[in-house]
Amino acid sequence: DAGVTQSPTHLIKTRGQQVTLRCSPKSGHDTVSWYQQALGQGPQFIFQYYEEEERQRGNFPDRFSGHQFPNYSSELNVNALLLGDSALYLCASSLVGSRGANVLTFGAGSRLTVL
Amino acid sequence: GQQLNQSPQSMFIQEGEDVSMNCTSSSIFNTWLWYKQDPGEGPVLLIALYKAGELTSNGRLTAQFGITRKDSFLNISASIPSDVGIYFCAGQLKAGGTSYGKLTFGQGTILTVHP
Numbered sequence: 510d511a512g513v514t515q516s517p518t519h520l521i522k523t524r525g526q527q528v529t530l531r532c533s534p535k536s537g538h539d540t541v542s543w544y545q546q547a548l549g550q551g552p553q554f555i556f557q558y559y560e561e562e563e564r565q566r567g568n569f570p571d572r573f574s575g576h577q578f579p580n581y582s583s584e585l586n587v588n589a590l591l592l593g594d595s596a597l598y599l600c601a602s603s604l605v606g607s608r609g610a611n612v613l614t615f616g617a618g619s620r621l622t623v624l
Numbered sequence: 589g590q591q592l593n594q595s596p597q598s599m600f601i602q603e604g605e606d607v608s609m610n611c612t613s614s615s616i617f618n619t620w621l622w623y624k625q626d627p628g629e630g631p632v633l634l635i636a637l638y639k640a641g642e643l644t645s646n647g648r649l650t651a652q653f654g655i656t657r658k659d660s661f662l663n664i665s666a667s668i669p670s671d672v673g674i675y676f677c678a679g680q681l682k683a684g685g686t687s688y689g690k691l692t693f694g695q696g697t698i699l700t701v702h703p
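Residue numbers (the working numbering), protein chains in the order written: chain A, 510 to 624; chain B, 589 to 703.
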């Protein structure tokens with residue numbers, strides 16, 4: 510049973526560039542959430558997608574956008590990269606309607622470095 | 589916004605010792621979760637708590653959902669070297685509609701176990 514898979518695992522960008530991160534949810538899950546984890550901090554909620562729509566959003570600027578596809582996979586896009594966007598980006602999936610919907614399964618993350 | 593205060597920030601203990609860490613919030617949550625994160629990995633769920641006052645065990649781990657719904661603690665008994673890692677508490681409010689999302693994380697407790 511495949512868990513949450515993310516790609517790429519590591520990437521380096523320069524300021525001003527754009528980046529796309531990808532996530533495949535755990536088999537059977539239909540909801541994807543994205544979190545940003547700065548070094549030494551807890552993850553911070555970016556947004557959540559369900560039924561191909563953004564359902565909740567955290568305190569992140571419009572430079573952060575996302576998409577969910579019919580197969581439940583998701584992308585996170587960040588435009589006009591800043592040095593402060595350097596972080597581990599975590600994707601988490603869950604299944605709406607189950608008691609365990611509260612319980613997110615996390616991927617290993619994509620480590621983004623902005624130079 | 590909501591913030592979680594997790595303490596202690598770090599712990600250095602001997603193998604076999606018991607460990608206790610806690611988390612407090614400025615506002616209430618419906619669900620409390622405890623995750624462990626190893627280097628290069630995403631957080632892995634340890635225990636989920638769904639009701640105020642609930643006490644739940646998972647092997648050597650025990651966690652409680654505070655009766656005020658603003659706090660939770662995690663205990664690890666008889667620590668072993670593989671307990672090393674970063675432990676995060678997370679709180680969740682039930683979102684509107686059918687979606688469940690946004691976890692608010694604490695800053696993490698770094699646990700080091702000396703053999």
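We put the CB at the ideal spot given by N, CA and C, even for glycine.
Note that the structure is a prediction, hence the values are computed from the model and not measured.
Residue i at chain B interface by Cβ criterion, 8 angstroms
i, result
"phenylalanine 615 of chain A", "yes"
"leucine 599 of chain A", "yes"
For residue i, three-class secondary structure by DSSP
i, result
"glycine 694 of chain B", "coil"
"aspartate 659 of chain B", "strand"
"serine 670 of chain B", "helix"
"glycine 525 of chain A", "coil"
"glycine 647 of chain B", "coil"
"leucine 592 of chain B", "strand"
"leucine 592 of chain A", "helix"
"asparagine 586 of chain A", "strand"
"arginine 572 of chain A", "coil"
"threonine 614 of chain A", "strand"
Chain A residues whose Cβ lies nearer than 7 angstroms to that of residue i
i, result
"glutamate 629 of chain B", "Ala617"
Cβ separation of residue i and residue j, assumed to be a contact under 8 angstroms, to the nearest whole Å
i, j, result
"valine 587 of chain A", "arginine 566 of chain A", "Not confirmed; about 14 angstroms, so no contact."
"isoleucine 635 of chain B", "valine 701 of chain B", "At roughly 19 angstroms, the Cβ-Cβ gap does not stay under 8 angstroms, so isoleucine 635 of chain B and valine 701 of chain B are not in contact."
"histidine 538 of chain A", "leucine 624 of chain A", "In fact, because the Cβ distance is near 34 angstroms, the residues do not count as touching under 8 angstroms."
"serine 615 of chain B", "lysine 658 of chain B", "7 angstroms"
"leucine 599 of chain A", "glycine 616 of chain A", "6 angstroms"
"glutamine 545 of chain A", "tyrosine 558 of chain A", "About 15 angstroms separates the two Cβ atoms, so there is no contact after all."
"phenylalanine 653 of chain B", "serine 645 of chain B", "Not confirmed; about 13 angstroms, so no contact."
"serine 536 of chain A", "threonine 514 of chain A", "Actually they are not in contact, since the Cβ atoms of serine 536 of chain A and threonine 514 of chain A sit about 10 angstroms apart, beyond 8 angstroms."
"glycine 630 of chain B", "glycine 618 of chain A", "5 angstroms"
Same chain, Cβ closer than 7 angstroms to residue i, five either side skipped, listed in chain order
i, result
"alanine 589 of chain A", "Gly525 and Arg572"
"glycine 673 of chain B", "Lys624, Gln625, Asp626 and Leu699"
"histidine 519 of chain A", "Arg620"
Partners in chain A for residue i, counting only beta-carbon separations shorter than 8 angstroms
i, result
"lysine 690 of chain B", "Ser542, Phe554, Gln557, Gln565 and Gly567"
"leucine 643 of chain B", "The contacting residues do not exist; leucine 643 of chain B stays about 18 angstroms from chain A at best."
Own chain, CB closer than 6 angstroms to residue i, minus 5 neighbours either side, in chain order
i, result
"arginine 531 of chain A", "Ser516 and Glu584"
"phenylalanine 569 of chain A", "Ile555"
"glutamate 561 of chain A", "Gln577"
"serine 542 of chain A", "Gln557 and Ala601"
Proximity test, Cβ basis, 8 angstroms: residue i and chain A
i, result
"glycine 694 of chain B", "yes"
"leucine 649 of chain B", "no"
"leucine 633 of chain B", "yes"
"leucine 662 of chain B", "no"
"leucine 699 of chain B", "no"
Contact set between residue i and chain B, taken where Cβ atoms lie within less than 7 angstroms
i, result
"glutamine 550 of chain A", "Gln695"
Interface partners of residue i on chain A, CB under 9 angstroms
i, result
"phenylalanine 676 of chain B", "Gly551 and Pro552"
Contact test: residue i Cβ vs the ligand GDP heavy atom, cutoff 7 angstroms
i, result
"serine 613 of chain B", "Questions concerning the ligand GDP fall outside what the structure shown contains, since it holds no ligand whatsoever."
Chain-order list of residues whose beta-carbon lies under 8 angstroms from that of residue i (same chain, five-residue window excluded)
i, result
"proline 669 of chain B", "Glu603, Val701 and Pro703"
"serine 687 of chain B", "Note that serine 687 of chain B has pLDDT 46, beneath the 50 cutoff, so the model's placement of it is unreliable and the number below is only indicative. The answer is none, since no qualifying residue turns up."
Within-8 angstroms CB hit, residue i to chain E
i, result
"serine 516 of chain A", "Reference to chain E is not applicable here, since the protein chains of this structure are A and B."
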